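Chains as they are written, first to last, in our numbering: chain F, 5 to 293; chain A, 263 to 547.
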């Protein structure tokens, strides 16, 4: 059951009926980080098409970094990342990325409808304006996440669960082959968690690949088929039962984990994030306090 | 009809009509670019770029070249330099801005002090002289405005996405870094367009104030831009008339009108229920 990060091949089995030969995502010996700070080291990982995969691990353990590498917005220092059969970043139009809620400026004057419409922007290109098809796609996406009634609401007025729904609508509207979701169920109410995960399971069933980071181990074992435990390295990968393995948990979380008989209690502060490192700030953040 | 006369009298002067046209156009371009600027947190950048246009203006004056060209070269070069220095990552963005803009402004003052018997024009450079705008200026200004508005018309979606969620936009394949640089260049050009109207010191108000006012009362981006444009076009017209009848400095009067509108909006606008993060979390649907 415990699998150290082998470079031996197929670890992902479920959901791979359609995509057979080639994994949707393949990392080979990847080391990456920010300005001299290594975030991930010697990572090799295959993710099959149609996977519903959770990446878990401590804060600062490299979960978000892994997503950024797959998306191609962060280049590895060494090693290679292949996403959807090409170099990471080259298949960008087929990827939808949902950032952590904490990184979003919720006071931004934008409505739910326009957030979802952004999912269509990349495929439209500079000169084309949103058409009837795009509006239909946005409308359908909002319907699926249960936000049709809120389409004209400014995003700051939404509840935590509605905010995640709006961003998932954006991802769905993009009609991607790969969903990259950073903490999609953190801080949302139970009905939202159930709804969003049911939607993602349907997407995975349709052959789309889902990779989501999370701290929430309970959510992992309830909703995900596969997991990867990350703490600077891949600690383990396999099916979701790994999150109940005390040995893997203690190796993933180090001293922050308290094992009480059958139960593992996480002593990990969910609100300190690895996202604040200066090097990750975007250029136009400057000027803001 | 004294009111009507108050409006019609100044129109008898061609310089006043030209000033009206120029200031409304400047207000329009500034409102559009400024809307993105305030959402990107680039107000300080606007101030810096306007000051850094100064050496270009003085150099153009010394070489008897076109004022617009000098200002554009200096401002765009500084914008790209600031972008490059802060992207290297050793310095915070606002530090890079502070160093480069003060250096450029000093270069302008230095060059200016080399002009024999310099006096009069300094005030014009710093505070604008829209009443002295000529037909040629108006044409140059219109051409530059068409360029800036054209770029925004083509790339409004891309600028909006990369402003709101740079990470998501980049992952979706938008060239976020290039869009950032392009936007800096647009700010620089907008400043060049506005210099003659309000001068180096006050340009930032034309850029930031209408958009900031609109932000107080807008829930959507379309509304933000529309309101910013309305304020940006109407305020300079009111300001011009006011300065005509009060015999006051034109650029400053325009800026004061915009500031007054901002203050009114600040008082009148209700604070939105939830701005920023995690304010209230009403029970979820």
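Where a beta carbon is used, it is the ideal one built from N, C-alpha and C, also for glycine. No experiment lies behind these values; they were computed from the predicted model shown.
Using three-state DSSP, classify residue i as helix, strand or coil.
{"i": "residue 277 of chain A", "result": "helix"}
{"i": "residue 83 of chain F", "result": "strand"}
{"i": "residue 37 of chain F", "result": "strand"}
{"i": "residue 345 of chain A", "result": "helix"}
{"i": "residue 28 of chain F", "result": "coil"}
{"i": "residue 187 of chain F", "result": "coil"}
{"i": "residue 43 of chain F", "result": "strand"}
{"i": "residue 301 of chain F", "result": "Within the shown structure, residues of chain F are numbered from 5 to 293, placing residue 301 of chain F beyond reach of any answer."}
{"i": "residue 217 of chain F", "result": "strand"}
{"i": "residue 158 of chain F", "result": "strand"}
{"i": "residue 133 of chain F", "result": "coil"}
{"i": "residue 336 of chain A", "result": "helix"}
{"i": "residue 477 of chain A", "result": "helix"}
{"i": "residue 50 of chain F", "result": "strand"}
{"i": "residue 352 of chain A", "result": "coil"}
{"i": "residue 182 of chain F", "result": "strand"}
{"i": "residue 233 of chain F", "result": "strand"}
{"i": "residue 108 of chain F", "result": "coil"}
{"i": "residue 142 of chain F", "result": "helix"}
{"i": "residue 20 of chain F", "result": "Confidence in residue 20 of chain F is poor, its pLDDT being 42 and thus under 50, which makes the residue's placement unreliable; the coordinate value appears in the next sentence. Coil at residue 20 of chain F, not helix or strand."}
{"i": "residue 90 of chain F", "result": "strand"}
{"i": "residue 63 of chain F", "result": "coil"}
Kindly list the residues whose CB is nearer than 7 Å to the CB of residue i, restricted to its own chain and excluding five residues on each side of it in sequence; keep chain order.
{"i": "residue 186 of chain F", "result": "68, 71, 102, 103, 104 and 217"}
{"i": "residue 528 of chain A", "result": "478"}
Just to confirm the assignment, what range does the beta strand (DSSP E) spanning residue i have?
{"i": "residue 242 of chain F", "result": "237-243"}
{"i": "residue 425 of chain A", "result": "Element bounds for residue 425 of chain A: not the beta strand (DSSP E) but the alpha helix (DSSP H), 397-426."}
{"i": "residue 60 of chain F", "result": "56-60"}
{"i": "residue 102 of chain F", "result": "99-102"}
Taking Cβ positions, are residue i and residue j nearer each other than 8 Å?
{"i": "residue 319 of chain A", "j": "residue 387 of chain A", "result": "yes"}
{"i": "residue 215 of chain F", "j": "residue 74 of chain F", "result": "yes"}
{"i": "residue 297 of chain A", "j": "residue 476 of chain A", "result": "yes"}
{"i": "residue 293 of chain A", "j": "residue 390 of chain A", "result": "no"}
{"i": "residue 252 of chain F", "j": "residue 239 of chain F", "result": "yes"}
{"i": "residue 148 of chain F", "j": "residue 176 of chain F", "result": "yes"}
{"i": "residue 392 of chain A", "j": "residue 512 of chain A", "result": "yes"}
{"i": "residue 256 of chain F", "j": "residue 62 of chain F", "result": "yes"}
{"i": "residue 119 of chain F", "j": "residue 83 of chain F", "result": "no"}
{"i": "residue 127 of chain F", "j": "residue 97 of chain F", "result": "yes"}
{"i": "residue 501 of chain A", "j": "residue 290 of chain A", "result": "no"}
{"i": "residue 65 of chain F", "j": "residue 236 of chain F", "result": "yes"}
{"i": "residue 232 of chain F", "j": "residue 57 of chain F", "result": "yes"}
Going along the chain, which residues of its own chain have a beta-carbon closer than 8 Å to the beta-carbon of residue i, five neighbours each way excluded?
{"i": "residue 510 of chain A", "result": "504"}
{"i": "residue 167 of chain F", "result": "105, 108, 110 and 159"}
Which residue comes first and which comes last in the alpha helix (DSSP H) that contains residue i?
{"i": "residue 374 of chain A", "result": "355-376"}
{"i": "residue 198 of chain F", "result": "194-209"}
{"i": "residue 511 of chain A", "result": "Note, residue 511 of chain A: premise wrong, no alpha helix (DSSP H); not H, not E."}
{"i": "residue 310 of chain A", "result": "305-314"}
Please go through the same chain and pick out, in chain order, the residues whose beta-carbon is closer than 6 Å to the beta-carbon of residue i, but skip the five residues on each side of it.
{"i": "residue 301 of chain A", "result": "425"}
{"i": "residue 117 of chain F", "result": "155"}
{"i": "residue 180 of chain F", "result": "98, 99 and 100"}
{"i": "residue 174 of chain F", "result": "119, 120, 122 and 123"}
> On the three-pair Cβ rule with 8 Å, is the stretch 453-460 of chain A touching the stretch 329-347 of chain A?
Replying inline: Enough Cβ pairs lie closer than 8 Å, so yes.
> Counting pairs of Cβ atoms below 8 Å between the stretch 480-491 of chain A and the stretch 314-328 of chain A, do you hit three or more?
Replying inline: The stretch 480-491 of chain A, when compared against the stretch 314-328 of chain A, does not touch it at the 8 Å Cβ threshold.
>> Does the structure place the stretch 24-34 of chain F close enough to the stretch 46-59 of chain F that three or more beta carbon pairs sit under 8 Å?
In response: yes
> How about the stretch 109-121 of chain F and the stretch 74-88 of chain F: do they share at least three Cβ pairs that are nearer than 8 Å?
Replying inline: no
> Below 8 Å, can you find three or more Cβ-Cβ pairs linking the stretch 353-364 of chain A to the stretch 420-434 of chain A?
Replying inline: Contact between the stretch 353-364 of chain A and the stretch 420-434 of chain A is absent: fewer than three C-beta pairs spanning the two stretches fall below 8 Å.
>> Three or more C-beta pairs under 8 Å: does that hold for the stretch 303-311 of chain A against the stretch 436-449 of chain A?
In response: yes
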